[in-house]
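Read through the structure below, which is laid out as structure tokens, and then see the notes.
Numbering (our numbering), first residue to last: 9 to 905.
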């Protein structure tokens, strides 16, 4: 049975990794290098959609991709051996009894592959990483060791095909764009400086230099192959290059130039003789520069074993510092696994959602939903800059309550949509409040709601249904007043705008319209009559949360709330709540008044009256869903319907083709408090009956509808058990766990997380490295690894719901929901985390071995000074802020009956 094992700090070992398809690992830094690497060193490297150093790959290229990193040894003047295993004869023996021995060792953003050839008596070790400096370079250290009994003569050769252009050119003008290449041989390597970035809409002068450098101190390459043709030769291939076997193919030397060909980083080093036990090391740097001089400057500084090792240790220390949330339960493997989960939100910040092999859609960046959900993890790991980041994010909200959907390269920069399509996701309004509410609870910074920011403006208006024909690009991306000044509204106003407009944007069943889709992007074909009961429930909960926040403001002396005058029509229409047409009319009146510019005038609403209005709206939504959407299978299973399709028909329930149920419908009715406790009990029973599939990771996203439903979404065109159509979609499964924990259904919530964890760790089935993927397919294989919001929500669930480390208006509270089985043999469980810019380790002590429901907090101790605990075992913000920042603090929480 093939499986990996953890070593230390989450590092892991895996034997014969090249026997598994589609494995890939991220190598990256915050400077923008985004690489992927496989056990055979396939994968790619890029800094954006338009700057790929190595040829772009999707998941299906990983087992076909012959044109990636390689390192050859020409042995005793006759045989050739690939240290990565990428030679024709090695591939032919890959599954035979005399296959080569390989091992992968990897840690937080470093990757080491060892390959042993008993036939040649050689061991090769290639360690790859990206430095944490601002240098845009990926480094490889190749160590060759003679493990035989006789001396070996070998010629080492780095062999890296250089793509050096936009991913768009992988098929569109692939050959034509190679004609732009200007290739130069340097003392230590090869650089490529394309003349143009090729785009028929408008060619531009290229500003990026690409290249490969190699050596080790005074050891320099002795000859070069700067083009693909020169290396593979006529009739040759990357797996069987003629240059290493045919002396008539002449290499080039330093100073030579060649233009208009596919570039290649072929660096040959002087022939060496390795005695038994002797090793040689070569460093390879591949990367990017703003100029030839720039690339040489930072590339060459790593070309010694000493410099490489120093950068490697700095990189390891950096990521150790970044991953400051750690869990200690009775399951050491789970602790290591969760350490990898905490890395994933950081990877999303770097890669967006487009730049790893499975994530082959889009052209970079994150979407609106990603932005806010990733901030959840930031609040838990690195809260320092979150206030500013959150404030800037609100600049993406439009005056009609919708928002830009793509985040630009710069903070606070937004783009209407990836493909300039007018589209509204109905769930987008809920996420900013969820994240902002967490920030306020963690920090106590209620005045953040009064900060003023502008609104996003483009041609899209009236919630995606009309165009503002008066708007022009020259006007800019900010909403203007009649005086042509940017209008600034409070963050609270932005949040109210998103929720009030959604409240009135209803279909014929008085639920919020589905429009382009909700959280499930594949529910994208019910634009006209589709409704999302699922997220209507969450909007209802959010309206009550807004009321609670305004109540806090009121108690702090803010008796009135200032809003844009146009919003007055959205407040105080209780008689219209049950009338769909009235609500639609109110919404249209408001949207038309803000379609182009707004007056700039404001009104003051009494906080007390606004609280009453918002609570009334929230309660109306919940009661309406309870009264109209509670359904059954006609037997003993009950749950909530979550959708109406484009014919206005209810989606879930009994159908001639089988019972139809969707997990999100249950998640958000539970999480929002719409479902009563008795209904939650019934839902968990029904979900276990219709959606639970332990053999593939736990809870499926939906039952099999057994038809292509063109009145609901493209998801039903997918094969059942894949992606949004019936896969175990980890993101929603984790949110199901969160919802259950939040309502006190702890054993049921643990069952969800344990299923995901156990399946992820079952390498024979999941076929992924540590961490949580986006989903498990019908065979149980993990898909779309690393870049998933499931990681942020899993962290939030573990910290807030399981370990119960919860901020309450800036104070620190402890509400553990740990099961007896989650404590170690000493009856302890712990968590490390940052709060109020101090680092804490909280250890729960459960000496009596009690289970959840049997214990409560009875004592809190720690090194925080005397009398740091106040009423109800709360540590007040003022106590925490009085502590020095440069210390680690330990808090022991004793549990008892």
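All residues carry an ideal CB built from backbone N, CA and C; glycine is no exception. These figures come from a predicted structure and were not determined experimentally.
Simplified DSSP state of residue 711, which is helix, strand or coil: In the three-state reduction of the DSSP assignment, residue 711 falls in the coil class, being assigned neither a helical nor a strand state.
Under 9 Å between C-beta atoms of residue 961 and residue 116: Outside the modelled stretch of the chain, which goes from 9 to 905, sits residue 961, for which no answer is possible.
Nearest-angstrom Cα separation, counted from residue 314 out to residue 323: Straight-line measurement puts the Cα of residue 314 at about 14 Å from the Cα of residue 323.
Residue of 782, 773, 798 and 797 minimising C-alpha distance to residue 789: If we check each option's Cα against that of residue 789, 773 comes out closest.
3-residue-minimum beta strand (DSSP E) runs that sit fully inside the region 545-599, ordered along the chain: Runs found: 568-572.
Cβ pair residue 694, residue 645 closer than 9 Å: Taking 9 Å as the Cβ cut-off, residue 694 and residue 645 qualify as a contacting pair.
Contacts around residue 383, its chain only, beta-carbon distance under 7 Å, and the 5 residues preceding and following it disregarded: The residues are 394, 397, 398 and 443.
Pick from 744, 248, 218 and 63 that is closest to residue 96, judged by C-alpha positions: When 744, 248, 218 and 63 are compared, the shortest CA-CA separation from residue 96 is found for 248.
Which of helix, strand or coil DSSP assigns to residue 449: DSSP places residue 449 in helix when its eight states are reduced to three.
Residue 903 vs residue 864 beta-carbon contact at 9 Å: Yes, these two residues count as a Cβ contact at 9 Å.
Alpha helix (DSSP H) segments (min. 4 residues) lying fully within the region 165-207: Runs found: 182-186.
Residue 842, DSSP secondary structure in three states: Strand, per DSSP.
Residue burial classification, residue 378 (beta-carbon count within 10 angstroms, cutoff 16): A buried status is given to residue 378, since no fewer than 16 other beta-carbon atoms sit within 10 Å of its beta-carbon.
Per-residue burial, residue 691 [other beta carbons within 10 Å of its own, 16 or more giving buried]: Its Cβ being crowded by 16 or more others within 10 Å, residue 691 is buried.
Same chain, Cβ closer than 7 Å to residue 810, five either side skipped, listed in chain order: For residue 810, where only same-chain residues beyond five positions count, the Cβ hits under 7 Å are 749, 825 and 826.
Buried versus exposed, by CB contacts within 10 Å (16 or more), residue 403: Burial call: buried.
Start-end ranges of the beta strand (DSSP E) lying completely within the region 30-106, minimum 3 residues: Counting only runs of 3 or more, we get 33-36, 42-45, 53-56, 78-83 and 87-90.
Beta-carbon spacing of residue 497, residue 572 below 9 Å: Using a Cβ distance threshold of 9 Å, residue 497 and residue 572 count as a contacting pair.
Continuous alpha helix (DSSP H) stretch holding residue 318: start and end: Note, residue 318: alpha helix (DSSP H), 313-330.
Outcome for residue 866 when other beta-carbon atoms lying within 10 angstroms are tallied against a minimum of 16: Per the 10 Å Cβ criterion, exposed.
Enclosing alpha helix (DSSP H) for residue 752 [first to last residue]: In the DSSP assignment, residue 752 falls outside any alpha helix (DSSP H) and carries neither an H nor an E.
CB contact flag (residue 467, residue 574, <9 Å): Pairing residue 467 with residue 574 gives a Cβ-Cβ distance that is not under 9 Å.
Opposing strand residues paired with residue 814 [DSSP bridges]: Residue 814 pairs with 821.
Delimiting residues of the beta strand (DSSP E) encompassing residue 113: Here the beta strand (DSSP E) through residue 113 covers 109-115.
Residue 226 - containing alpha helix (DSSP H), residue span: No alpha helix (DSSP H) holds residue 226; DSSP gives it neither H nor E.
Alpha-carbon to alpha-carbon, residue 291 and residue 81: Computed Cα separation, rounded: 15 Å.
Own chain, CB closer than 6 Å to residue 37, minus 5 neighbours either side, in chain order: Only 138 and 140 meet the Cβ criterion.
Selection from 518, 517, 511 and 538 that minimises the alpha carbon distance to residue 524: Looking at the Cα atoms, 538 is the closest of the given residues.
Own chain partners of residue 536 with C-beta closer than 8 Å, once the 5 adjacent residues on each side are dropped: Correct list, in chain order: 654.
Residue nearest to residue 853 in terms of C-alpha spacing, selected from 338, 261, 662 and 217: Minimum Cα distance to residue 853 is reached at 338.
Other residues of its chain near residue 830: CB distance less than 7 Å, five sequence neighbours each side excluded: Excluding the 5 residues flanking it on each side, residue 830 has same chain C-beta neighbours closer than 7 Å at 337, 338 and 837, in chain order.
Enclosing alpha helix (DSSP H) for residue 383 [first to last residue]: First-last of the alpha helix (DSSP H) with residue 383: 376-389.
Classification of residue 451 by the beta-carbon crowding that lies within 10 angstroms, buried from 16 upward: Of the other Cβ atoms in all chains shown, 16 or more fall within 10 Å of the Cβ of residue 451; this residue is therefore buried.
Beta strand (DSSP E) segment containing residue 120, residue limits: Under the DSSP assignment, residue 120 falls in the beta strand (DSSP E) whose first and last residues are 118-125.
Where the alpha helix (DSSP H) containing residue 799 begins and where it ends: That run of the alpha helix (DSSP H) goes 798-804.
Start and end residues, alpha helix (DSSP H) containing residue 727: Note, residue 727: premise wrong, no alpha helix (DSSP H); not H, not E.
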